[in-house]
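Engineer: Here's a structure for you.
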Amino acid sequence: MTDSNMPLKGSKQRILNELCRGGFISGQQLGEKLGISRAAVAKHIKSLQQLGIEIFSVTGKGYCISGGLSLIDQQQVVASYLARGGHGALFESHPIVDSTNSILMRRLADKSSMASGTVIVAESQTAGRGRRGRTWQSPFGANLYYSYYWQLNDGLQAAMGLSIAVGLAIYDCIYNLYGKKVALKWPNDVLVNDKKLAGVLVELEGQPEGPCHLVIGIGLNFNMPANFEQYIDQPWTDLVKMGCKLDKNTLIAQLTRSLEIRLAQYSEFGLNQMYSEWNSVNAFRGELVNLMTGSKSWSGICEGIDQQGGIRLRCDGQCQTYYGGELSLRKVVK
């Protein structure tokens, strides 16, 4: 796939634009507006539904996307970002990609010239990825699929606690936009009432010493269609369920600005100023947890993170710290 990937064109895009406004519109009305037959309209509707767009059809009323659909407008993103004091990010938006992270990783592999602060956002992903090889469900227009390229000049070791800073940036974004507080699950999930709102996938390329290239992928549930629930194997929530008034362009702008602020803080101070902040919103603070990797597992009371971003578990009065991106932390259900 190329970076532009499968764009929506012509009548299909125009039908989607009409439906995004909310309310019902009949197949006949759509056909007359676009100069195509009702059969062609029905064909395009089916194609849009196959992208994961929840389009309802009611006899006598026509077609409807309940509540409309918030789509990315790159000009609005840039305007909102600049209004928030941003100045360095470069935004690219695409209708459908394989994975926003994969686009940036391919550019790194190809040695393509790329400025730190490049942002890729998409309406849908055909091969969205989570941690540990998991699939990230990516229905069209329903959620935020976002990747940010950042260059750190202090080597791979200095990037070890980056997901902690990214989690706090998401916390800042949600609080600043909606006044809602979320909880952070080590190493890189965002929870609300023990339900997953967002996940982070940080990919690295570089040398132990010298410049390090980081791709920060963020998937944030915006308005997940109910018919995708069957594909998700854990409790989840989204911004609509949280009662947030949504504008995807504002969300992208604020998230980028929040990331910039946290990454600048991380670059200068590491986690020295952030680890206690993270501990104050630790989703599993004081809870009995299991920590697992492969065939190994450990149990203990979650004591939060240390200044390097490692997770601390207390067992039999002693604390042990664990590091590693392949570790999985689960709360013990009582």
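Residue numbers (numbering that gives the first Met the number 0): 0 to 333.
The beta-carbon is built from N, C-alpha and C at its ideal position, and this holds for glycine as well.
For M113, name the three-state secondary structure that DSSP assigns.
Structural biologist: Three-state result, M113: coil.
Engineer: Tell me whether L89 is buried or exposed, calling it buried when 16 or more other Cβ atoms sit within 10 Å of its Cβ.
Structural biologist: L89 is exposed by the Cβ-count criterion.
Engineer: Drop a sphere of 10 angstroms on the beta-carbon of P234, count the other beta-carbons inside from all chains shown, and report buried for 16 or more, exposed for fewer.
Structural biologist: Exposed: under 16 other Cβ atoms inside 10 Å.
Engineer: Decide if G323 is buried, meaning its Cβ has at least 16 other Cβ atoms within 10 Å, or exposed.
Structural biologist: With fewer than 16 Cβ atoms within 10 Å of its Cβ, G323 is classed as exposed.
Engineer: Which residues does DSSP pair with Y148 in a beta bridge?
Structural biologist: Note: Y148 sits in a beta bridge opposite V214.
Engineer: Decide if H212 is buried, meaning its Cβ has at least 16 other Cβ atoms within 10 Å, or exposed.
Structural biologist: H212 should be labelled buried.
Engineer: Could you give the distance in angstroms between the alpha-carbon of E259 and the alpha-carbon of Y145?
Structural biologist: Each residue's alpha carbon lies about 14 Å from the other.
Engineer: Give the single residue among L68, P138, R256 whose Cα lies nearest to the Cα of G85.
Structural biologist: The option with the nearest alpha carbon to G85 is R256.
Engineer: Restricting to Cα atoms, I'd like to know which of L238, I300, S115 is closest to P210.
Structural biologist: When only C-alpha atoms are compared, the closest one is S115.
Engineer: Which residue wins for smallest C-alpha separation from Q307, given the options A38, N271, S101, G285?
Structural biologist: When each option's Cα is compared against that of Q307, the closest is N271.
Engineer: Looking only at its own chain, which residues have a Cβ that is under 6 Å from the Cβ of S162, when we skip the five neighbours before and after it?
Structural biologist: Once the five neighbours on either side are set aside, the close Cβ partners of S162 are P186, N187, V199, V201.
Engineer: Which stretch, first to last residue, makes up the alpha helix (DSSP H) that contains R313?
Structural biologist: Careful: R313 lies outside any alpha helix (DSSP H), inside the beta strand (DSSP E) at 310-314.
Engineer: So, helix, strand or coil for D188, using DSSP?
Structural biologist: Residue state, collapsed to three classes: strand.
Engineer: Return helix, strand or coil for R261, following the three-state DSSP convention.
Structural biologist: It is helical.
Engineer: Which of helix, strand or coil does DSSP assign to F221?
Structural biologist: The answer is coil: DSSP assigns F221 none of H, G, I, E or B.
Engineer: Just reading off the beta strand (DSSP E) that C301 is part of, what are its end residues?
Structural biologist: Counting along the chain, the beta strand (DSSP E) containing C301 begins and ends at 295-304.
Engineer: When the distance is taken between beta carbons, is Y174 closer than 9 Å to I215?
Structural biologist: No, Cβ-Cβ distance for I215 and Y174 is not below 9 Å.
Engineer: From the DSSP output, in three-state form, read off K42 for me.
Structural biologist: Note: K42 maps to helix in three-state DSSP.
Engineer: From the DSSP output, read off the bridge partner residues of I95.
Structural biologist: In DSSP, I95 forms a bridge with S123.
Engineer: Using only alpha-carbon positions, find the residue among G160, L190, C63 that is nearest to K330.
Structural biologist: Of G160, L190, C63, the residue nearest in Cα terms is L190.
Engineer: Is P207 closer than 9 Å to G160 when the C-beta atoms are compared?
Structural biologist: The answer is no: Cβ separation not under 9 Å.
Engineer: Mind the definition here: the stretch 93-103 touches the stretch 245-254 only if three or more C-beta pairs lie below 8 Å; say whether that holds.
Structural biologist: The stretch 93-103 is not in contact with the stretch 245-254.
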